[in-house]
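Below is one structure, written out as structure tokens; the observations come after it.
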Amino acid sequence: MGRYIVHRLALALLTLVGVTVVIFLLIRLIPGDPARIIAGLLASDDEVRRLRVDLGLTHPLHVQYLIFFTGLLHGNLGISAATRAPVLEEIALRLRPTVLLAVSSIAVATLMGLAAGIVSATRRYSILDYVAMTLAVLGVSIPVFWLGLMLMLLFAVYLHWLPAGGYGTPASFILPTIALAAFSMGIIARITRSSLLETLSQDYVRTARAKGVPRHGVVLRHALKNALIPVLTVIGLQFGTLLGGAVLTETTFAWPGMGRLLVNSILSRDYPVIQGIVLTFAAMFAVVNLLIDLLYAYVDPRIHYG
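The structure is reproduced here in structure tokens:
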């Protein structure tokens, strides 16, 4: 197990190096001169040239990348071009709201998705099955920003039950969490249903029923545990989806997280902040995937890592 973890961490580091190259090149394909945007339309050409020198934009691309990567090896993500503050400080201020939103959303999506999938599989072709799968399809189909606006309109504008945006109170978590969790909940529900239906048709499940094991015992103790492998895979992948969806959700609900900072940084062509945020997202996704792989061995003792 230890060798496997070291191997996976090494692969994750190589992946992150690849991410640095890709994001470094892609953000420089965005139209617009960062120095001109940051300096403002009224700035003179001399001021823009000085700013380009200060930002290091006059160097060739390979030199710019080497400067960025060397700083990264020393734990330095650079200085924000817009605020002149260290990128690490900018990310640290907004990391907690994003992580809290992502964790609460994946928790809600997992609990609701598993519940809906179990009900659908054990009540196949019933009205509960059709209702649960219809809601799952709607959750997958509805854009997160549109769902967020509709939730805001209903519960904040019309009913005045919940705040329309902001961060800091338990009530402010409800609408962003629901909007962000809807897509993942639909995916998890559909995968749980299909995986559980396949497991319920196995011989050992029929044997457990023949021995008189109660229905809930057959489903929860025998079938569900063996059906969790594909579900865990989907949950790990959905965490990355939640990080991407957080960009839209945080913008919609004025959430002070990294997603909103990423949007503002793209608009201002703040290259160091964009690179730092995308790299942070990639590192979080790699860690979650490693944890999911380790959970496989816990759920199914037949899985061994060597």
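Under the working numbering, think of the first position of the sequence shown as 1, with each following residue one higher. Don't be surprised by glycine CBs; every beta carbon is placed ideally from N, CA and C.
Can you have a look at E89 and say buried or exposed, based on whether 16 or more other CB atoms are within 10 angstroms of its CB?
exposed
Residue ranges of each alpha helix (DSSP H) run of no fewer than 4 residues wholly in the segment 42 to 121, ordered along the chain?
45 to 54 and 61 to 73
Check each candidate in P143, I235 and S44 and name the one with the smallest Cα separation from L248.
P143
Considering just the uninterrupted stretch of the alpha helix (DSSP H) at H7, what are its terminal residues?
G2 to I27
Three-way DSSP call (helix, strand, coil) for Q202 in this model
coil
Could you tell me the distance, in whole angstroms, from the CA atom of L315 to the CA atom of T207?
Absent from the model: residue 315. The displayed extent of the chain is 1 to 306, so no value can be given.
G166: buried (16+ other C-beta within 10 angstroms of its C-beta) or exposed?
exposed
Whether or not the segment 248 to 261 and the segment 62 to 73 are in contact is what I'm after, with contact meaning three or more pairs of Cβ atoms, one per stretch, closer than 8 Å; do they touch?
no
Going along the chain, which residues of its own chain have a beta-carbon closer than 7 Å to the beta-carbon of P86, five neighbours each way excluded?
I79
What does a CB cutoff of less than 6 Å around N226 pick up in its chain, not counting 5 residues either side in sequence?
T199
Return the Cβ separation of L279 and L16 in integer angstroms, given the expectation that the two are a contact with Cβ distance under 8 Å.
7 Å
Which one of L290, L295 and Y296 has the shortest CA to CA distance from V6?
L290
Going residue by residue through the segment 152 to 214, where are the continuous alpha helix (DSSP H) segments of at least 4 residues, counting only ones entirely within it?
170 to 200 and 203 to 210
Examine the Cβ distances between the segment 187 to 196 and the segment 128 to 140 and report whether three or more of them are shorter than 8 Å.
yes
Can you name the start and end residues of the alpha helix (DSSP H) that D129 belongs to?
I127 to S141
Closest Cα partner of F253 within the set S184, D293, I266 and P163
P163
Chain-order list of residues whose beta-carbon lies under 7 Å from that of T241 (same chain, five-residue window excluded):
F183 and S184
At the level of alpha carbons, what is the spacing between F285 and A12?
10 Å
For F253, which three-state DSSP category applies?
coil
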